[in-house]
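Quick note, the sequences are listed as chains A and B, same order.
Going by the numbering used here, the first sequence opens with residue 51, and the numbers climb by one from there.
Going by the numbering used here, the second sequence opens with residue 600, and the numbers climb by one from there.
Idealized CB from N, CA, C, for every residue including glycine.
Structure, as structure tokens:
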Amino acid sequence: MSAEEDAADVARVLAGDVSAFEPIVRRWQKPLINLAYRFCRDRHRAEDMAQEAFLRAYRALGSWRRDAAFSTWLFALATNLYRSEIRRLPPLRMPLDEGVAPLDRRVVEAVEDDAHRDRVVRNAVLSLPAKYRDALTLFYFHDMDIARSAASLGVPQGTVKARLSRGRDILRAKLRSLLGEQP
Amino acid sequence: MRPEDLERVLFSEDDIVPSSGFVASVMETVIADATAPPLTFPWRRAWPLAATVVALLVCLVIESFTVQAPGPGLDVYAWFQTVVPMATGWVAAGLLMAIAVTGWSLRLVRLR
């Protein structure tokens with residue numbers, strides 16, 4: 051993805067050429083939909099959220115300052131929207147409250163299946179308090195890049211590191227309970 | 600579950616592929632947004648109210664500077680002489696704030 055292409059297309063859109071927004075959508079549709087998906091775990095809802103993010107980006111294109119990469123600005127805008135959406139309408143997930151009893155033997159055996167275990171882990175991430183969920187989601191989405199995660203969340207890098215550490219601790223505790231593991 | 604396994608699960612997530620009509624759907628929405636007529640300020644409703652407020656303000660200002668002899672009985676005029684200058688300031692401040700907010704709203708509508 052080219053920063054120059056983004057800048058050129060944005061300039062064309064701002065000059066009145068709405069069709070120049072299409073290449074921007076083509077370039078960024080996959081990352082924005084996948085980021086939304088990690089927040090909601092629902093493919094259709096992820097596309098709806100990404101569509102809304104693109105619409106807001108189109109309306110706010112004039113506010114993009116060239117001192118940051120277009121992608122940084124776009125991800126920050128999308129992250130902000132996704133967090134609001136999830137706060138407004140939380141995703142459906144299995145109950146993962148603290149202190150939940152370990153699953154029975156049958157389920158434990160099923161959990162041994164990798165795919166199922168992965169789903170349990172990802173659902174457990176959604177059950178974390180928002181600030182830890184957001185930090186973990188953005189960190190792994192951005193290929194474990196603290197700086198990009200911090201830029202998307204609009205918080206200092208140190209804050210992201212602290213939230214990642216605490217988030218992982220809570221997540222491991224939840225998973226021990228869910229997967230029936232000994233501490 | 601070992602920490603490295605947890606990291607692997609969280610890191611190695613398969614991407615989903617956007618549906619084929621996604622770009623067209625977004626562009627349809629964007630074009631509809633771009634070509635939609637801007638929200639117009641409801642001048643027809645706002646003018647009478649604005650005119651009333653301005654007239655009231657003018658009256659208060661004139662009243663505050665007009666010297667009148669106090670009449671017999673209840674000294675309402677003296678009370679007004681004390682209160683009106685203060686009230687005028689507040690009304691003026693309120694009016695200025697209303698104008699500023701209206702201007703800001705119009706600017707937002709234009710930006711949209």
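>> If we require 4 or more residues per run, which alpha helix (DSSP H) segments fall completely within the segment 71 to 147 of chain A?
In response: 71 to 90, 93 to 109, 120 to 138
> What span of residues does the alpha helix (DSSP H) with serine 215 of chain A cover, start to end?
Replying inline: 207 to 228
> Is it true that the CB of glutamine 101 of chain A sits closer than 8 Å to the CB of valine 616 of chain B?
Replying inline: no
> Quick one, are the C-beta atoms of alanine 53 of chain A and phenylalanine 120 of chain A less than 8 Å apart?
Replying inline: yes
> Can you list, in chain order, the residues of its chain whose CB lies under 7 Å from that of glutamate 148 of chain A, leaving out five sequence neighbours each side?
Replying inline: Caution applies to glutamate 148 of chain A, whose pLDDT of 42 falls short of 50 and renders its modelled position unreliable; the value that the coordinates give is listed next. Within the same chain, glutamate 148 of chain A has no close Cβ partners at all.
> Could you give the C-beta distance for valine 210 of chain A and leucine 203 of chain A, rounded to a whole number, given that I count them as a contact under 8 Å?
Replying inline: 7 Å
>> So for aspartate 614 of chain B, helix, strand or coil by DSSP?
In response: coil
> In three-state DSSP terms, what is arginine 643 of chain B?
Replying inline: helix
> Nearest-angstrom Cα distance between serine 199 of chain A and alanine 65 of chain A?
Replying inline: 31 Å
> If you measure from the beta carbon of arginine 222 of chain A to each beta carbon in chain B, is any gap under 8 Å?
Replying inline: yes
>> For a cutoff of 8 Å on Cβ pairs, would you count serine 619 of chain B as touching chain A?
In response: no
>> Let's see if you can read the secondary structure: which residues bound the alpha helix (DSSP H) around threonine 665 of chain B?
In response: It is not in any alpha helix (DSSP H) - threonine 665 of chain B carries neither H nor E in the DSSP assignment.
> What are the boundary residues of the alpha helix (DSSP H) that arginine 172 of chain A is part of?
Replying inline: 164 to 176
> So does the segment 81 to 89 of chain A actually touch the segment 112 to 129 of chain A, counting three or more Cβ pairs closer than 8 Å?
Replying inline: yes
> Can you find a CB in chain B that lies within less than 8 Å of the CB of phenylalanine 125 of chain A?
Replying inline: no
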